[in-house]
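Under the working numbering, the residue at position 171 of the sequence shown is numbered 873, and the numbers go up by one with no gaps. Every residue gets a Cβ at the ideal spot worked out from N, C-alpha and C, and that includes glycine. Data first, discussion second: the structure below is written as structure tokens.
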Amino acid sequence: MKILVTGGAGYIGSHTCKVLARHGFEPVVYDNLSRGNRWAARFGMFELGDIGDAARVRSVLEKYRPSALIHFAAYAYVGESVASPLLYYRNNIGETASLLQTLIDSEPTPVVFSSSCATYGVPSQLPISEDHPQQPINPYGYSKLVVERMLRDIDVAHGLRSVSLRYFNAAGADPEAEIGEAHEPETHLIPLVLAAARDATAIKVFGNDYDTADGTCIRDYVHVLDIADAHVRALKYLIDGGTTCAVNLANERGYSVLEVVATAERVTGKSIRIELMPRRPGDPAVLIGALEKARTLLGWKPERSGLEVQIRDAWKWMMRES
Ligand SMILES: NC(=O)c1ccc[n+]([C@@H]2O[C@H](COP(=O)([O-])OP(=O)(O)OC[C@H]3O[C@@H](n4cnc5c(N)ncnc54)[C@H](O)[C@@H]3O)[C@@H](O)[C@H]2O)c1
């Protein structure tokens, strides 16, 4: 069964393609390589193209006749979205609207969509469950919320079913180190901490006066392979006739920035210097997601999401890459 994977040359998309192939699906990566890597699209077929290029998308749909779409393609830097909001509104919302229109016009198939915990904004209760109010505090989070809404509306109008997976912080890498995280620039904490260990540089810690045990921010890290596995489950849910919904992918367990640094020191055997910086605006103290819905609806639970495992796999990848 062929699955069209937009953004499949990126970090989470490439790991998902590996897991899809392992489950007997045939991934077809569709990516413009604006932020991804051609070498990462190594599991299944590859088609170069932009999701907003309707003619190109149509020809790829006609060529492969996929049974479902997994839609990763987007820009995903919160800071960049604040500095250049229209870039995000155009790529994440406008181009997605074009992609979905082309899908509806040619070959309406179920959709699994990469949403984000950034759609919740500042939490009013923890852990954050799916019915928590969605009040994003940056254009990136808002762009994901609009697409979730778009997908719900499309179901009503055209009967196109979808699952929006709201990831918390994806981390780790393929344990076989065939692929891993390779963002340029990198903004995620774990690869930045590991790069500081590798290069003997300092890691910037933004604020140590939050209302947490050690004063640094707490985030919920989920292994990228667990996220990939959830996509396969969401796909099967939709193929079996499941209805449109949104589901958190979270570990329901948070780690502070300093816990990440201490664990990275243990894993790498290196000491890591910290450079204390002021708080960044818009960083909530704690983000932890509830995982009950993913467990009951998709039968999913994180298997590799202990912090040490995630950091070990990311370090193995970084050592192989450098
Ligand atoms: N990494 C995380 O922790 C995280 C958390 C929540 C949600 N997400 C979402 O998951 C998805 C994947 O994240 P990632 O970390 O793998 O990002 P990534 O940047 O590594 O991958 C995104 C891919 O999409 C491609 N792309 C972007 N715009 C495109 C377009 N117009 N046409 C075709 N291809 C295009 C890029 O070239 C890239 O390969 C994104 O939608 C992101 O917003 C990621």
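Rank the options by C-alpha distance to the C-alpha of residue i and give the top, closest one.
i: residue 1022; options: 852, 763, 881; result: 881
i: residue 784; options: 1001, 1007, 984; result: 984
i: residue 947; options: 864, 884, 791, 804; result: 864
i: residue 743; options: 836, 845, 892, 706; result: 706
i: residue 728; options: 766, 976, 837, 917; result: 766
i: residue 929; options: 904, 715, 746; result: 715
i: residue 795; options: 774, 738, 807; result: 774
i: residue 914; options: 811, 788, 960; result: 960
i: residue 776; options: 842, 719, 988, 828; result: 842
i: residue 815; options: 848, 772, 797, 830; result: 772
i: residue 1006; options: 1020, 1000, 1014; result: 1014
i: residue 730; options: 708, 899, 833, 741; result: 708
i: residue 926; options: 872, 877, 725; result: 872
What residue range is occupied by the uninterrupted beta strand (DSSP E) comprising residue i?
i: residue 1003; result: Taken as a continuous stretch (DSSP letters only), residue 1003 belongs to no beta strand (DSSP E), as it is neither H nor E.
i: residue 975; result: 975-979
i: residue 903; result: Residue 903 -> no beta strand (DSSP E), and no H or E assigned at all.
i: residue 947; result: 947-951
i: residue 772; result: 770-773
i: residue 808; result: Element bounds for residue 808: not the beta strand (DSSP E) but the alpha helix (DSSP H), 797-808.
i: residue 673; result: Look at the range of the chain in this structure, 703 to 1024, and you will see that residue 673 is not part of it.
i: residue 745; result: Counting along the chain, residue 745 falls outside any beta strand (DSSP E), and DSSP gives it neither H nor E.
i: residue 816; result: 813-818
Alpha helix (DSSP H) containing residue i: first to last residue?
i: residue 992; result: First-last for residue 992: undefined, no H or E at that position.
i: residue 932; result: 926-941
i: residue 784; result: 780-785
i: residue 844; result: 841-860
Buried or exposed: which applies to residue i, given that a residue is buried once 16 or more other Cβ atoms fall within 10 Å of its Cβ?
i: residue 736; result: exposed
i: residue 954; result: buried
i: residue 902; result: exposed
i: residue 933; result: buried
i: residue 895; result: buried
i: residue 836; result: buried
i: residue 788; result: exposed
Mapping DSSP to helix, strand and coil, what is residue i?
i: residue 765; result: helix
i: residue 716; result: helix
i: residue 824; result: coil
i: residue 1013; result: helix
i: residue 892; result: helix
i: residue 914; result: coil
i: residue 879; result: coil
i: residue 1018; result: helix
i: residue 723; result: helix
i: residue 711; result: coil
On the DSSP bridge list, what partners appear for residue i?
i: residue 704; result: 728
i: residue 733; result: 750
i: residue 920; result: 958, 988
i: residue 864; result: 813
i: residue 830; result: 991
Nearer than 6 angstroms: is that true of the beta carbon of residue i relative to any heavy atom of ligand 3?
i: residue 733; result: As for ligand 3, it is missing from this structure, which binds only ligand 1.
Mind checking if residue i is an interface residue toward chain B, Cβ cutoff 7 angstroms exclusive?
i: residue 768; result: Included in the structure is just one protein chain, with no chain B present.
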